[in-house]
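Notes follow once the structure below has been shown.
Number of protein chains: 2
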Amino acid sequence: MTIQIFGISGLPEIEAASDLGGMIAASARKQGDPIADRDVLIVTSKIVSKVEGCAIELADVEPSEFAMSWADTWHKDPRVIEIVLRQSKRIVRQSGPVLIAETHHGFICANSGVDQSSSGAEGRVLVLPTDPDASARALRSRFAELGVDVAVVISDTFGRPWREGQTDVAIGVAGMHPLYSYIGQHDPHGHEFEVQELCVVDELAAAGELVKGNVSRVPVAVIRGHEWETDDAATMAPVLRDPQRDLFR
Amino acid sequence: MTIQIFGISGLPEIEAASDLGGMIAASARKQGDPIADRDVLIVTSKIVSKVEGCAIELADVEPSEFAMSWADTWHKDPRVIEIVLRQSKRIVRQSGPVLIAETHHGFICANSGVDQSSSGAEGRVLVLPTDPDASARALRSRFAELGVDVAVVISDTFGRPWREGQTDVAIGVAGMHPLYSYIGQHDPHGHEFEVQELCVVDELAAAGELVKGNVSRVPVAVIRGHEWETDDAATMAPVLRDPQRDLFR
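Those protein sequence lines, which keep their order, are chains A and B.
Each step along the first sequence adds one to the number in my numbering, with nothing skipped, and position 6 is 4.
Each step along the second sequence adds one to the number in my numbering, with nothing skipped, and position 54 is 52.
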């Protein structure tokens, strides 16, 4: 089995309410790589945020006292900090200029995923899609209308504890279960596997990044040849560790 | 640019001091996919441990009092726990039956990477290679002797905080720098990128897992078409976050 990974480039400028699925399909056709049945599409969250209007004008934001004081200490824009706080369910660590938060979805990442660099305009920031699983399902449905059966992973770039360098991970999924389980299977010596579950969607997101490069010039990667079982009820929920089971909150 | 990923299977049983590079090259030829210049080889640490004799007979291990008492509480083999402790520089979390440790290399993972399931024999466990960067360099050199210029990533399967499911990450590298830096680059709007460094070797390891499946039936993945700059001095050191900069120790 050989897996192929390639990027889709040449998407037109994306605006709120654009037909993202149609644009991806058209760009793929134009570059001679039409999206095919059983492809997995890895879609950078930034373009999903743009389509869904998840951009906030800084001029419209009134920062709180807390946002102002911390922004002042660390020479940050208090309006951006205010948006980060509003996107957060909980601050996990706030140390020096670093702010690690749990987003309303339950993802833990720097600045709650608020992105100042990719908004496409000065004075505006992008926030993560409100419901990235729903975004993924909408794209999968749009491709079904176009006659193509694809799984969709919405990806973002997160840091992690202990290891330098960020990697792309999944924040939304449609069509396939996010984890692959070995639970109950045994190796040839009768031991249960030490590896119990692989987070396949995170591995797909990471693999997609290899052809995307950063900064959304190639905002979509196609992974072809990866076998997946259809699961129309799939969401990222099983990837969010129960806080009771988490030693690093 | 299209990246191709495929597995190398059909390796003979691996024993201490086997010519691993020669075996990988021969198996690749036999399956009609000879290793080519500029391929990246993702090699599961288990087979490297076997070649390097990193197997420990449980019968030879005298557990400490501490190992015995904790193993007793959690119904574990005290000799395995003793090996985990010996492989550890420091215990990061010990909670319920879970033991997260920092290995002598500086990696943080469950059970210091001690693997009971893949040793190939009852009563024996595998530990991580002593110096996985050196293991990767030896493989890269062996391929150079065979006339092929490859980068090598030694991979293992680690859990992570906050997210369920494990993913493959790099624990050793040769030939290419482990991180790709955007530092000092600017987007079209003049903002510095929020993403500063990508951990490309972890993304390559994750991508390789997609064709390896677990349990070493396909212990090597070839990633073809990924561009990398040669760096003969590369090691994993830049990926190990300075404890001073780590909020989750």
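The beta carbon of each residue, even a glycine, is placed where N, CA and C say it ideally should be.
On a predicted model such as this, the values are computed, not experimentally measured, just so you know.
Could you tell me the alpha carbon to alpha carbon distance between residue i and residue j, rounded to whole angstroms?
| i | j | result |
| --- | --- | --- |
| Asp240/B | Arg215/B | 35 Å |
| Gly100/A | Glu55/A | In the sequence as displayed, the identity of residue 100/A is Glu instead of Gly. Roughly 22 Å separates the two Cα atoms. |
| Val274/B | Gly111/B | What the structure shows of chain B is the stretch from -1 to 247, and residue 274/B is not part of that stretch, so it cannot be assessed. |
| Val237/B | Glu162/A | 5 Å |
| Val46/B | Arg122/B | 16 Å |
| Gly157/A | Ala69/B | 34 Å |
| Ser62/B | Glu80/B | 7 Å |
| Ile33/B | Ala205/A | 20 Å |
| Met21/B | Phe105/A | 42 Å |
| Asp17/A | Ala149/B | 41 Å |
| Arg60/B | Ile12/B | Rather than Arg, the amino acid found at residue 60/B in this sequence is Glu. Cα to Cα, Glu60/B sits roughly 28 Å from Ile12/B. |
| Gln85/A | Leu144/B | 54 Å |
| Leu39/B | Gly19/B | 10 Å |
| Lys210/B | Asp154/B | 12 Å |
| Gln2/A | Thr71/A | 48 Å |
| Ala57/B | Asp229/A | 46 Å |
| Ala134/B | Val41/A | 33 Å |
| Phe108/B | Val96/A | Here residue 108/B turns out to be Ala, not Phe, going by the sequence shown. If you take the alpha carbons of Ala108/B and Val96/A, they lie about 26 Å apart. |
| Ile89/B | Pro159/B | 15 Å |
| Ala142/A | Ala23/A | 11 Å |
| Ser25/A | Arg140/A | 15 Å |
| Lys255/A | Glu120/A | This structure gives no information on residue 255/A, because the portion of chain A shown stretches from -1 to 247. |
| Gln183/A | Gln183/B | 47 Å |
| Ala231/B | Pro127/B | 19 Å |
| Ala136/B | Met(-1)/A | 28 Å |
| Gly8/A | Lys28/A | 9 Å |
What is the DSSP secondary structure of residue i, counted as helix, strand or coil?
| i | result |
| --- | --- |
| Ala231/B | coil |
| Ile12/B | coil |
| Ser7/A | coil |
| Val38/B | strand |
| Arg77/B | helix |
| Asp251/A | Coverage of chain A is limited to positions -1 through 247, which leaves residue 251/A absent and any answer about it impossible. |
| Ala132/B | helix |
| Ile98/A | strand |
| Ile181/A | coil |
| Asp200/B | helix |
| Val216/A | coil |
| Leu126/A | coil |
| Asp31/B | coil |
| Asp113/B | strand |
| Arg247/B | coil |
| Glu55/A | strand |
| Ala108/A | strand |
For residue i, return the contacting residues in chain B, with the cut-off set at a CB-CB distance below 7 Å.
| i | result |
| --- | --- |
| Gln164/A | Val193, Glu195, Leu196, Cys197 |
| Gln29/A | Neighbours of Gln29/A on chain B: none; closest Cβ ~11 Å, over 7 Å. |
| Leu177/A | Glu162, Gly163 |
| His224/A | Leu208 |
| Ile106/A | Trp160 |
Please determine, among the options, the residue with the shortest C-alpha to C-alpha distance to residue i.
| i | options | result |
| --- | --- | --- |
| Ala53/A | Glu60/A, Lys44/A, Pro61/A | Lys44/A |
| Pro217/A | Ile152/A, Ser93/A, Ala132/A, Trp72/A | Ile152/A |
| Ala219/A | Leu202/A, Asp230/A, Glu227/A | Leu202/A |
| Gly5/B | Ala232/B, Ser16/B, Ile221/B, Lys74/B | Ile221/B |
| Gln164/B | Glu13/A, Asp75/A, Pro176/A | Pro176/A |
| Phe246/A | Val38/B, Ile98/B, Asp147/B, Val59/B | Ile98/B |
| Val171/A | Arg138/A, Ala34/A, Gln85/A, Val146/A | Arg138/A |
| Gln92/A | Lys28/A, Phe64/A, Val148/A, Gly104/A | Phe64/A |
| Lys87/B | Arg77/B, Pro95/B, His102/B | His102/B |
| Pro76/A | Leu83/A, Met66/A, Thr128/A | Met66/A |
| Tyr14/B | Gly51/B, Asp31/B, Arg36/B, Gln2/B | Looking at the sequence shown, residue 14/B is not Tyr but Ala. The candidate whose alpha carbon is nearest that of Ala14/B is Gly51/B. |
| Glu195/B | Ala26/B, Ile181/B, Val41/B | Ile181/B |
| Asp129/B | Pro159/B, Glu120/B, Ala142/B, Ile169/B | Ile169/B |
| Met248/A | Gly8/A, Asp200/A, Gly94/A, Pro159/A | Outside the displayed span of chain A (-1 to 247) sits residue 248/A, for which this structure offers no information. |
| Met174/B | Pro159/B, Asp31/B, Cys197/B, Gln183/B | Cys197/B |
| Trp226/B | Pro10/B, Ser179/B, Gly94/B, Ser7/B | Ser179/B |
| Asp244/B | Gly94/A, Ser7/A, Asp244/A, Gln242/A | Gly94/A |
Name the chain A residues that come within less than 8 Å of residue i, Cβ to Cβ?
| i | result |
| --- | --- |
| Asp244/B | Pro159, Trp160 |
| Val237/B | Arg161, Glu162, Gly163 |
| Met(-1)/B | Phe4, Gly5, Val209 |
Could you list which residues in chain B have their beta carbon closer than 8 Å to that of residue i, in chain order?
| i | result |
| --- | --- |
| Val96/A | Leu245 |
| Glu207/A | Leu196, Glu201 |
| Ala204/A | Thr165, Asp200, Glu201, Ala204, Ala205 |
At a Cβ threshold of 8 Å, is residue i touching chain C?
| i | result |
| --- | --- |
| Val46/A | As a matter of chain content, chain C is missing from the structure shown, whose protein chains are A and B. |
Residues of chain B with CB closer than 9 Å to the CB of residue i, please, in chain order.
| i | result |
| --- | --- |
| Ser110/A | Result: empty, since nearest Cβ-Cβ is about 12 Å, beyond 9 Å. |
Show which residues of chain A have a CB atom less than 9 Å away from the CB atom of residue i.
| i | result |
| --- | --- |
| Ser93/B | Leu245 |
Run down chain A in chain order and give the residues with a C-beta less than 7 Å from the C-beta of residue i.
| i | result |
| --- | --- |
| Ile22/B | Near Ile22/B there are no residues of chain A at all, since even the closest Cβ is about 17 Å away, more than 7 Å. |
Write down the C-beta distance between residue i and residue j rounded to the nearest angstrom, noting that I regard them as a contact closer than 8 Å.
| i | j | result |
| --- | --- | --- |
| Gln114/A | Val167/A | Between Val167/A and Gln114/A the Cβ distance is about 20 Å, and since that is not below 8 Å, they are no contact. |
| Asp131/B | Arg36/B | The Cβ separation is near 20 Å, so there is no contact. |
| His224/A | Leu208/B | 6 Å |
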